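Residue numbers (our numbering): 40 to 406. Yeah, the Cβ is synthetic: ideal placement off N, Cα and C, and Gly gets one too. For clarity, every value in this text was computed on a predicted model and none was experimentally measured. Below is one structure, written out as structure tokens; comments come after it.
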């Protein structure tokens, strides 16, 4: 039989009762997932690329590095803008304060030792207004400088981008009573022979009221100038906070006219306040300790006419003033570390109020 005849021959019929061989085929999916034909590995999930038009959330930073949370504000010249604007604003605000007071003094004939010799008299309302008010204006000056340079004034307060009144209030429950007790005892020990009860005249009462109202603002003004501005200006350039903490110490000392005992106390205070600002991620605790000391001293100053004159400081005052400050600072340091879940030498970090879409580390949301 030829090949053609073989191919054309009919197929032999299958018996009707012969069973058909069973064949089983797995049901194939309607749609096969794409995969790499060159690889036998299982297919992987597709990679989702970030949208370049959507800004990424900034990484949390310590207090002195908050400029890094604003990428367009990191440029090297931004700190110079902060300093220039702060200086200009301070000059304008000083003129706005002093010109009306000088006109008032010239028209009414009211004089002040503050205008003549720069000495604060606790019985002199005009002098208290000039002496404390001229430092209190540093608060808006620094905030304006930070706002213009870095785009947000809130980073001058804390890593949360706001002033943490809750934190200040809780710490004040311990700090304020201690300073009231310490400064009262110190006054009775050191100045007991110089205590004089003044007549409650209108000028004395006015001077006392001005001092009590402006002393907290005066303390805050110094803290924003000597702690916030150096830390954040230098922190724009430098990773370490040490220069921003140490550089203001001699500047703070020079701004006070004490002898060596008083200067040692002032220098130690400035150093500790800088460390606390870095650790707690804000200026609230340094302001509290500064206010607790100065406010209690200004409150009892009318009983001690020469107590506000900066000069000689008894050695015992060094021990009595430094001991509570150091103990309170150490206690706050440990308490804050436990409260925020931080290591002892780890600072609180934040984004300065920028929404990251997730909770910030270190107890985000606490006051």
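**Asked** Using the C-alpha atoms, what's the distance from residue 147 back to residue 363?
**Response** Cα-Cα distance, rounded: 45 Å.
**Residue environment, residue 226, which counts as buried when at least 16 other CB atoms sit within 10 Å** = By the neighbour-count criterion, in which 16 or more other beta carbons inside 10 Å mark a residue as buried, residue 226 falls on the buried side.
**Prompt:** From residue 336 to residue 195, what distance separates their C-alpha atoms?
**Reply:** The C-alpha of residue 195 is placed about 27 Å away from the C-alpha of residue 336.
**Message:** Shorter than 8 Å, the distance from the beta carbon of residue 179 to the closest heavy atom of the ligand HEM, or not?
**Reply:** The model depicted lacks the ligand HEM and carries no ligand whatsoever.
**Request:** Tell me, to the nearest whole angstrom, how far the beta carbon of residue 173 is from that of residue 133; I am working on the premise that it is less than 8 Å.
**Result:** 6 Å between Cβ atoms; contact.
**Request:** Determine the extent of the alpha helix (DSSP H) in which residue 329 is found, giving its start and end residues.
**Result:** Run containing residue 329: 323 to 339, per the alpha helix (DSSP H) assignment.
**Asked** So which of 309, 331, 238 and 250 has the shortest CA-CA distance to residue 223?
**Response** It is 331.
**Message:** For the pair the stretch 235 to 246 and the stretch 336 to 355, tell me if three or more CB-CB distances fall below 8 Å.
**Reply:** Because the criterion of three Cβ pairs below 8 Å is met, the stretch 235 to 246 and the stretch 336 to 355 touch.
**Request:** Ignoring anything shorter than 4 residues or poking outside the stretch 106 to 160, list the alpha helix (DSSP H) runs there in chain order.
**Result:** DSSP runs (the alpha helix (DSSP H)) wholly in the stretch 106 to 160: 117 to 147 and 152 to 156.
**Asked** Buried or exposed: where does residue 257 fall if 16 or more other Cβ atoms within 10 Å of its Cβ makes it buried?
**Response** Buried, since its Cβ has 16 or more Cβ neighbours within 10 Å.
**Prompt:** Is residue 392 helix, strand or coil when you go by DSSP?
**Reply:** Residue state, collapsed to three classes: coil.
**Message:** If you reduce the DSSP assignment to three classes, tell me which class residue 101 lands in.
**Reply:** Look at residue 101 here: in three-state DSSP terms it is strand.
**Message:** Relative to the C-alpha of residue 309, which candidate in 252, 236, 215 and 328 has its C-alpha closest?
**Reply:** Measuring from the Cα of residue 309, the nearest candidate turns out to be 328.
**Prompt:** Would you say the stretch 177 to 184 touches the stretch 258 to 267, given that touching needs at least three Cβ pairs under 8 Å?
**Reply:** Yes, the stretch 177 to 184 is in contact with the stretch 258 to 267.
**Request:** Confirm, please, whether the CB-CB distance from residue 375 to residue 271 is below 9 Å.
**Result:** Taking 9 Å as the cut-off, the beta carbon of residue 271 is found no closer than this to the beta carbon of residue 375.
**Request:** Compare the Cα-Cα distances from residue 320 to each of 206, 216 and 253 and report the closest residue.
**Result:** It is 206 whose Cα lies nearest to the Cα of residue 320.
**Sequence-distant residues of the same chain with beta carbon closer than 6 Å to residue 250, five excluded per side** = Only 167 and 337 meet the Cβ criterion.
**Item:** Beta-carbon gap between residue 306 and residue 282 smaller than 9 Å
**Value:** The Cβ atoms of residue 306 and residue 282 do not sit closer than 9 Å to each other.
**Prompt:** Are there 16 or more other CB atoms within 10 angstroms of the CB of residue 323, so buried, or fewer, so exposed?
**Reply:** The residue is buried, with at least 16 neighbouring Cβ atoms inside 10 Å.
**Prompt:** How big is the Cα-Cα spacing for residue 278 and residue 106?
**Reply:** Roughly 11 Å between the two C-alpha positions.
**Request:** Report, in whole angstroms, the separation of the C-beta atoms of residue 407 and residue 276, which I expect to be a contact under 8 Å.
**Result:** Nothing about residue 407 can be reported from this structure: the residues present for the chain run from 40 to 406 only.
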